[in-house]
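The sequence shown: position 145 = 145 (UniProt numbering), numbered continuously.
Cβ coordinates follow ideal geometry from the N, Cα and C atoms, glycine included.
Presented below is the structure to which this report refers.
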Amino acid sequence: MSGDAPPADLKARIKTSYDAIADVYNEWTKKHSDLRSRYLAQFIEHLPAAAAAATAETGTPAPTRILELGCGAGEPSTRTLAARPNTHVIGNDLSSAQIALARAHAATEWTLGAGSSVEFAEGDMADAAVLDFAPGSLDGVVALYSLFHLPREEQTAMMARTVEWLRPGGLLLATFSGAAAEAVVMEKWLREEDWMFWSGWGREGTLERLGAAGFEVVVEALEEENVDVDFCG
């Protein structure tokens, strides 16, 4: 169902839904991560160049710093990033239940790369009180299946904040909606009681805003995932 504007309690309702499905959504994501993993591998291939630029700037090897927006329970993206050597990953998610799972996974199941570390920041990615980094302090930002849960104006604002946080040559890997819509709401999303919201500028509108924010688009594709989603039961 499409609407004219995001509801006033948008973030609270998204959090409630993702909290409720944390365990089952994590298991589903593990089984349907091919597309996510493919683009993450391309992102990682480009990271050495970003890290080399940071080392040249400071004169000493520095850990690769990566922010993941909408990390969920950390599978597979946060775990994959943290398995790299000399990498510091900051995982952010609105859902307290998802963050709790990610912390548990990191403590008991993940093998971190040599010299690597991971931390988690719970809360709204658009809130500067939750996420605030020095200009040029990040090598990469990953935002898979997360930014399109923000109202469109907040997506544009996050593009600008991300550019500021990234070092010259830093990378953004992000998923955006291919369709232009101010507000798309599903009253019954994955289960009867789950509610969800999406928005987007569409392909051309997104590319235009990324360019205006200061990004150079290196890889761009319009993908369709034909995956049946049924979490009821």
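Element boundaries [beta strand (DSSP E), containing residue i]
i      : result
GLY91  : 87 to 93
SER199 : 196 to 201
ALA181 : 180 to 186
Whether residue i touches residue j by CB criterion (8 angstroms)
i           : j      : result
MET158      : ALA126 : yes
VAL118      : THR78  : yes
ASP19       : ALA97  : yes
ASN86       : SER116 : yes
ASP93       : GLU122 : yes
SER33       : MET196 : no
ALA145      : THR111 : The identity of residue 145 in the sequence shown is Tyr, whereas the question assumes Ala. No, the Cβ-Cβ distance between TYR145 and THR111 is not below 8 angstroms.
residue 322 : ALA183 : For residue 322 there is no data in the structure shown, the boundaries of the chain being 1 and 233.
GLY91       : GLU109 : no
LEU172      : PHE133 : no
HIS88       : ARG103 : no
Of the residues the options, the one placed nearest residue i, counting alpha carbons only
i      : options                       : result
ALA107 : ALA73, GLY205, ALA213, ASP132 : ALA73
PRO168 : ASP139, GLU182, LEU67         : ASP139
ARG152 : TRP198, VAL89, PHE133         : TRP198
ASN26  : GLU45, ALA82, ILE14, ILE99    : ILE99
GLU154 : THR64, ALA128, ALA221, VAL185 : ALA128
GLY70  : THR29, GLU164, GLU220         : THR29
GLY205 : MET186, VAL185, SER177        : SER177
ARG13  : LEU222, GLU187, LEU207        : GLU187
SER95  : LEU207, ALA114, PHE120        : PHE120
ALA114 : ALA83, GLU45, LEU10           : ALA83
GLU223 : TYR39, LEU10, ASP9            : TYR39
VAL141 : VAL130, PHE148, ILE44, ALA62  : ILE44
VAL163 : GLN42, ALA62, THR80, SER137   : SER137
VAL130 : ARG161, ALA221, PHE148        : ARG161
ALA143 : PRO135, VAL185, LEU81, HIS105 : LEU81
PHE148 : GLY200, ALA41, GLY170         : GLY200
Integer Cβ distance of residue i from residue j, believed to fall under 8 angstroms
i      : j      : result
GLY211 : ALA180 : About 17 angstroms; that fails the 8 angstroms criterion.
LEU101 : ALA22  : 6 angstroms
LEU207 : VAL219 : Going by Cβ atoms, the distance from LEU207 to VAL219 rounds to 12 angstroms, so no, they are not a contact pair.
LYS31  : ASP124 : That pair is no contact at about 28 angstroms.
Extent of the continuous alpha helix (DSSP H) run through residue i
i     : result
VAL24 : 22 to 31
Short CB-CB distance (under 8 angstroms) between residue i and chain C
i     : result
ILE14 : The structure shown contains no chain C; it holds only a single protein chain.
Checklist entry - Which full runs of the beta strand (DSSP E) of 3+ residues lie inside the UniProt domain "Methyltransferase" (66 to 170), going along the chain? => result 87 to 93, 117 to 122, 138 to 143
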